[in-house]
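First up is the structure itself, then whatever we jot down about it.
Protein chains: 2
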Amino acid sequence: MAENLKIIPLGGLDEIGKNITVLEYGKDMIVVDCGVGFPDEEMYGVDLVIPDFSYLVANQKKLRGMFITHGHEDHIGSIPYCMQQVNCPIHGTAMTNGLIKLKLEEHRIADKVKLVTHQPGDVVKAGCFSVEFIHVNHSIADATALAIKTPVGTVIFTGDFKIDPTASDGMIDLARFGQLGNEGVLALLCDSTNVERQGYTPSENLVAESLDKQFKNCDQRIIVTTFASNMHRLRAVIDIARRHGRKVAVSGRSMENMIKVATELGYLKIPAGTLVDLAAIKSLPKNKVVIVSTGSQGENMSALYRMAFGTHKQVDIVSGDRIIISASAIPGNEKAVSRIINELYRKGADVVYEKSEGLHVSGHACQEELKIIHGLVKPKFFIPVHGEQRHLQLHGRLAQQMGTPAKNIHIGEIGTVFELSKRTCKVKSAVPAGMVLVDGTGVGDVGSVVLRDRKHLAQDGMIVVCVNISSQDGGVISGPDIITRGFIYVKESEDLIDELREVAMEAIERCSRKRVRDWQILKSAIKNDLSGYLYKTTKRNPMILPVIMEI
Amino acid sequence: MAENLKIIPLGGLDEIGKNITVLEYGKDMIVVDCGVGFPDEEMYGVDLVIPDFSYLVANQKKLRGMFITHGHEDHIGSIPYCMQQVNCPIHGTAMTNGLIKLKLEEHRIADKVKLVTHQPGDVVKAGCFSVEFIHVNHSIADATALAIKTPVGTVIFTGDFKIDPTASDGMIDLARFGQLGNEGVLALLCDSTNVERQGYTPSENLVAESLDKQFKNCDQRIIVTTFASNMHRLRAVIDIARRHGRKVAVSGRSMENMIKVATELGYLKIPAGTLVDLAAIKSLPKNKVVIVSTGSQGENMSALYRMAFGTHKQVDIVSGDRIIISASAIPGNEKAVSRIINELYRKGADVVYEKSEGLHVSGHACQEELKIIHGLVKPKFFIPVHGEQRHLQLHGRLAQQMGTPAKNIHIGEIGTVFELSKRTCKVKSAVPAGMVLVDGTGVGDVGSVVLRDRKHLAQDGMIVVCVNISSQDGGVISGPDIITRGFIYVKESEDLIDELREVAMEAIERCSRKRVRDWQILKSAIKNDLSGYLYKTTKRNPMILPVIMEI
Chain A
79 MAENLKIIPL GGLDEIGKNI TVLEYGKDMI VVDCGVGFPD EEMYGVDLVI PDFSYLVANQ
139 KKLRGMFITH GHEDHIGSIP YCMQQVNCPI HGTAMTNGLI KLKLEEHRIA DKVKLVTHQP
199 GDVVKAGCFS VEFIHVNHSI ADATALAIKT PVGTVIFTGD FKIDPTASDG MIDLARFGQL
259 GNEGVLALLC DSTNVERQGY TPSENLVAES LDKQFKNCDQ RIIVTTFASN MHRLRAVIDI
319 ARRHGRKVAV SGRSMENMIK VATELGYLKI PAGTLVDLAA IKSLPKNKVV IVSTGSQGEN
379 MSALYRMAFG THKQVDIVSG DRIIISASAI PGNEKAVSRI INELYRKGAD VVYEKSEGLH
439 VSGHACQEEL KIIHGLVKPK FFIPVHGEQR HLQLHGRLAQ QMGTPAKNIH IGEIGTVFEL
499 SKRTCKVKSA VPAGMVLVDG TGVGDVGSVV LRDRKHLAQD GMIVVCVNIS SQDGGVISGP
559 DIITRGFIYV KESEDLIDEL REVAMEAIER CSRKRVRDWQ ILKSAIKNDL SGYLYKTTKR
619 NPMILPVIME I
Chain B
79 MAENLKIIPL GGLDEIGKNI TVLEYGKDMI VVDCGVGFPD EEMYGVDLVI PDFSYLVANQ
139 KKLRGMFITH GHEDHIGSIP YCMQQVNCPI HGTAMTNGLI KLKLEEHRIA DKVKLVTHQP
199 GDVVKAGCFS VEFIHVNHSI ADATALAIKT PVGTVIFTGD FKIDPTASDG MIDLARFGQL
259 GNEGVLALLC DSTNVERQGY TPSENLVAES LDKQFKNCDQ RIIVTTFASN MHRLRAVIDI
319 ARRHGRKVAV SGRSMENMIK VATELGYLKI PAGTLVDLAA IKSLPKNKVV IVSTGSQGEN
379 MSALYRMAFG THKQVDIVSG DRIIISASAI PGNEKAVSRI INELYRKGAD VVYEKSEGLH
439 VSGHACQEEL KIIHGLVKPK FFIPVHGEQR HLQLHGRLAQ QMGTPAKNIH IGEIGTVFEL
499 SKRTCKVKSA VPAGMVLVDG TGVGDVGSVV LRDRKHLAQD GMIVVCVNIS SQDGGVISGP
559 DIITRGFIYV KESEDLIDEL REVAMEAIER CSRKRVRDWQ ILKSAIKNDL SGYLYKTTKR
619 NPMILPVIME I
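If you're matching them up, the sequences are chains A and B in order.
Numbering of the first sequence is given in our numbering, commencing with residue 79 and proceeding in unit increments.
Numbering of the second sequence is given in our numbering, commencing with residue 79 and proceeding in unit increments.
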């Protein structure tokens, strides 16, 4: 029996973020992308969500390399965690690798990992695979798609992309997509992020024009915030600032890092005398200054946040400041962004933030752009990726509309093994896949039990009931003492606390009369009695922790 | 010195929701609206946010009545809480009072409160005030503005409104606004919700047309979800269903309640044979059924939620079902709505939910509509209400554009006392105002300390350290025992727990050697040592609760 190609998404299907896909054939395996996801609002206290790497660990011997499409967190963020468990060379373009390097340095493993830098058009051999980088447009510089030649046929990963004919770094290489399509593509794995949106995503050029309008006739200080990784946008801001005779100062660590990397790699060429230190702006007239800052997502403690709330060491927002938010809020961040806008208004600033102002465009392809890719690539099999269930389903329908038969469209989930021969694509099995939660330095030690407890504690707080019990007769030696946190304001609720103590005492005495010596039974009795009493009197359900110490 | 009119917003300024405003003149006081706010994501476990009523309680003797503009929660939701503290007649239109009555019944105080029902055009005397109800368009039936004649001049509250020339219950009474404007209006308090949006809010009619399109050529079951309170929308759905030969079944308590009230009051006239019981739909062909359900905001346990997640007793979503979400997600609810949509897609349903489909329109006036009101009313003084800081500021700018001088525009906050004479409006003082949190049956017993603890517990969980100490020599009799919740999964972290026990033991022994007898000092030592150790090893900061029992 001939060998099959296995395509195994370990993340990014039926979810947003933590994109990672395995390609496996015989003794060879490569990985495409290795991103993080972000915790949802139920994942209390969790910092990051990373993929379950156990399938990679189990197949370390086969691993021939990791190929990264571009440098966004949802495509590179898990690399340091992955590289602590397996090791292989990482291939990417210069900007992508620059960002990965920063990340590896932060985790102090830069010297352990081999980063190999390529240009669009380069082809890399990795076992039986050969991987070609293809230039695409996206909201980060140096983004690529991958065309992977395998023994059973060509597989194309679009990565995140859009079609921007007037992009400053050149239009996506549609010709190459078309050529590959004409040669025959076995499977297409395509970005589904914007499949709900009709039409086309506007060009990044449009934003530059809108920003220019905001600079014209403004004789006040201007502060622009945007995604630090959008080098096209930053370049536009710097160009416009120069045109209007303004110096540029930068605030916020991620923005500074990004500019440093991009400048070193030649993606950003800032003419001498354009950048000034943030400390120097005070000596400049207001209409000669632009501050570029982090905080476009309302992040706590970002530069714009600190400016808005008056805790920024160098910048005080004053009446008349024009603040341009050149970004849209990622779902979940709306309220945080809104809070900052309110504070800026309160200080008398002029805040420009509506989408209608053309101050931001998406980095992802809308329906018509997706159709162009499907039309060019004409894949035999289609697997929609990068999206929640509705995106995947809608993308499946779009593919059908473009001529892929329904039976050749496969909507999977993470862990699904797609087995492809030259003529067939089948789902036969699944491998371990899931999410691993990162909290502080802990990776995977916060799971569903811990999260359930955090949720419980968050909702109604907790009550600790301490009692010392005689090991001889089960009588109370001291206590029960009641300690609460996050339940009620104790100083104003002493009566309730007294009642709780009585309820606990009654439970203990009842057990003592029954000669209960199993402290688990006693604990349950205390817990049940208190929780029943509390629900009746307060309709709340705090966590109750009986602590019994036997003397 | 002549008496001044005091206008005191106790809620709804610099915030969304909990709208309530006091008007006071001499010995007379009236209240306009009495709404709830909803907890933000930092208010763990809080169910509702209500205004601080202490100013009303202190002035109970002056209270001549409460006037309600319409029946939405952010205008009526706090009435039961308010009426437990003060008492006065409540005036509103029939639909509004019908909803208030439901609320009072739920709180078992319906017999204590006098509800007086009026029609648009009615004028009510209340002390020195006379209050006229004016018909407006909004997303709930029977919404009104209020024109209040006071000894110093006329004050207009728009309430929530839009201008809908083709509304099924008739266009907003612009003529009356114009007449009052010509007679002279001292102050306008106007809804600011949509002041960020250019142009006009489309007519509710547009939604009816879009819904009709969705029904055409659909031979599957249709499920429509929308805001239960939008009677215009429900009426449209029922009309369209009849036109297409479908029976209507209702699922979800708030929808059932609303339909009951609206039918009793004559706002909804459902032809006999149109409504069927949910249990009866199984016997009908799929293309003869519409289910109208709650859940348009993704609410946990709403009818649509239960259908999506397979826990609805009577309705299973099957492939082909067309689900129409005729609503937009209120900020903060986006993810919940999105989760339901994903589940519906997973079950093979056809979900229609894009705004671009015209399936929902706002109930609030956009910029051009606001300008019409300003142009008609031509107030001497303008106080923007119903909005966060940015809405209030932008509305102030719009008022200037419409001819109100900047010095006559007053942006206040809750508690601000606006003192008006016939010619002046001054801010001199403030009264107590704020938010009171409702958690279960507790009103006001959850405050900043409790919330801070809940947040702390939510982030990193907690550790209880129990130890029995001899009262004679300060030595350890038993313990220290370590109990954690929401911190780490203990079964896989026994080593860490052992280390924590050692760290605690060292702290206790150190104190014992120093002959510490103040248990507060011992507690601090345990807390500091553990928290330092934990931060070093895990970068986490759980709440640490040392419990010392002296024997």
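A virtual CB, placed ideally from N, CA and C, is assigned to each residue, including glycine.
* Can you tell me where the alpha helix (DSSP H) with B/Gly-259 in it begins and where it stops? -> Per DSSP, the unbroken alpha helix (DSSP H) holding B/Gly-259 starts and ends at 252 to 261.
* Test item: CB-CB of B/Asn-308 and B/Ile-241 under 8 Å -> No, the pair does not count as a contact, with Cβ atoms beyond the cut-off.
* Go ahead and pull the three-state DSSP assignment for B/His-442. => Per DSSP, reduced to three states, the secondary structure at B/His-442 is coil, with no helix or strand assignment.
* To do: Tell me, please, whether the CB atom of B/Asp-269 is closer than 8 Å to any CB atom in chain A?
  => The beta-carbon of B/Asp-269 is placed no less than 8 Å from the nearest beta-carbon of chain A.
* To do: Kindly indicate which three-state DSSP category B/Val-315 falls into: helix, strand or coil?
  => For B/Val-315, the secondary structure class from DSSP, reduced to helix, strand or coil, is helix.
* **Closest by C-alpha distance to A/Arg-313, when choosing among A/Glu-287, A/Ile-348, A/Thr-303, A/Asn-295** => Answer by Cα proximity: A/Ile-348.
* Asked: For the segment 518 to 603 of chain A, which segments carrying the alpha helix (DSSP H) assignment without a break, of at least 4 residues, lie completely within its bounds, in sequence order?
  -> Those alpha helix (DSSP H) runs which fall completely within the segment 518 to 603 of chain A and span 4+ residues are 526 to 538, 572 to 591.
* Asked: Short check: CB of B/Gly-205 to CB of B/Arg-275, under 8 Å?
  -> Contact flag unset, no.
* With a Cβ-Cβ cutoff of 8 Å, do B/Asn-619 and B/Tyr-613 count as a contact? -> Between B/Asn-619 and B/Tyr-613, the C-beta gap is smaller than 8 Å, which places the two residues in contact.
* Asked: In the structure shown, what three-state DSSP assignment does A/Leu-437 receive?
  -> Coil, per DSSP.
* So B/Ile-418 packs on B/Gly-376, CB below 8 Å; how close in whole Å? -> The Cβ separation is near 5 Å, so the contact holds.
* Asked: B/Asp-538 versus chain A: which residues are under 7 Å apart at the beta carbon?
  -> In chain order: Gly-123.
* To do: Inspect the beta-carbon positions of A/Asp-290 and A/Ile-318 and report whether they are closer than 8 Å.
  => Yes, the Cβ-Cβ distance between A/Asp-290 and A/Ile-318 is below 8 Å.
* Asked: Whose C-alpha, out of A/Asp-251, A/Ser-371, A/Ala-350, is nearest the C-alpha of A/Asn-335?
  -> Of A/Asp-251, A/Ser-371, A/Ala-350, the residue nearest in Cα terms is A/Ser-371.
* To do: Answer with buried or exposed for A/Ser-549, where buried requires no fewer than 16 other C-beta atoms within 10 angstroms of its C-beta.
  => That one is exposed.
* Just list the beta strand (DSSP E) runs in the segment 431 to 516 of chain B, keeping only unbroken ones of 3 residues or longer that don't cross its boundaries, in chain order. => Listed in chain order, they are 459 to 463, 494 to 498, 503 to 508.
* To do: May I ask which residues mark the beginning and end of the alpha helix (DSSP H) holding A/Met-121?
  => Per DSSP, A/Met-121 lies in no alpha helix (DSSP H) and is assigned neither H nor E.
* Asked: How many angstroms separate the CA atom of A/Glu-151 from the CA atom of A/Gly-113?
  -> Pairing A/Glu-151 with A/Gly-113, the inter-Cα distance amounts to about 6 Å.
* To do: Closer than 9 Å by beta-carbon distance: list the chain B residues that pair up with A/Leu-437, in chain order.
  => Going along chain B, no residue has its Cβ under 9 Å from A/Leu-437, so there is no contact; the nearest lies around 14 Å.
* With DSSP as the reference, please indicate the residues paired to B/Lys-84 in a beta bridge. => DSSP, once it has assigned bridges, lists B/Glu-102, B/Glu-497 as partnering B/Lys-84.
* Asked: Helix, strand or coil: which one does DSSP assign to A/Arg-618?
  -> It is coil, neither helix nor strand.
* Which whole-angstrom value describes the C-beta separation of B/Asn-272 and B/His-452, a residue pair presumed to lie in contact below a C-beta threshold of 8 Å? -> Cβ atoms of B/Asn-272 and B/His-452 stay farther apart than 8 Å, at about 14 Å.
* What's the gap between the Cα of A/Ala-265 and the Cα of B/Asp-269? -> One C-alpha to the other measures close to 54 Å.
* Quick one: what does DSSP say A/Ile-348 is sitting in, helix, strand or coil? -> DSSP, reduced to helix, strand and coil, places A/Ile-348 outside both helices and strands of the structure shown, so it counts as coil.
* Asked: How is the beta strand (DSSP E) around B/Thr-232 delimited, first residue to last?
  -> Element bounds for B/Thr-232: 231 to 235.
* Asked: Would B/Arg-331 count as contacting chain A if we go by Cβ distances under 8 Å?
  -> Answer no: the Cβ-Cβ gap between B/Arg-331 and chain A never drops below 8 Å.
* Take B/Val-135 as the anchor and find which of B/Ile-154, B/Ile-108, B/Asp-118 has the nearest alpha-carbon. => Of the listed residues, the one whose Cα sits closest to B/Val-135 is B/Ile-108.
* Asked: So which residues of chain B does A/Met-385 contact, with C-beta pairs closer than 9 Å?
  -> Going along chain B, no residue has its Cβ under 9 Å from A/Met-385, so there is no contact; the nearest lies around 16 Å.
* Can you tell me the Cα-Cα spacing of A/Gly-552 and A/Val-545, whole angstroms? -> One C-alpha to the other measures close to 11 Å.
* Name the chain A residues that come within less than 8 Å of B/Cys-544, Cβ to Cβ? -> In chain order: Cys-544, Val-625, Met-627.
* Tell me the DSSP bridge mates of B/His-169? -> For B/His-169, DSSP records a beta bridge to B/Phe-145, B/Val-194.
* To do: Using a cut-off of 9 Å between C-beta atoms, extract the partners of B/Pro-409 located in chain A.
  => Near B/Pro-409 (Cβ distances below 9 Å), the residues of chain A are Glu-412, Lys-413, Ser-416.
* Can you tell which of B/Met-540, B/Met-627, B/Pro-462, B/Gln-479 has its C-alpha closest to the C-alpha of B/Val-233? -> Ranking the options by Cα distance to B/Val-233, first place goes to B/Pro-462.
* Minimum C-alpha distance to B/Glu-435 - residue among B/Cys-444, B/Lys-458, B/Ser-406, B/Gln-445 -> Looking at the Cα atoms, B/Ser-406 is the closest of the given residues.
* How long is the line joining the alpha carbons of A/Leu-182 and A/Ala-172, rounded to whole angstroms? -> Using only the alpha carbons, I get a separation of about 15 Å.
* Asked: Just to check, is the beta-carbon of B/Val-114 closer than 7 Å to a non-hydrogen atom of the ligand GTP?
  -> No copy of the ligand GTP occurs in the structure displayed, which carries no ligand at all.
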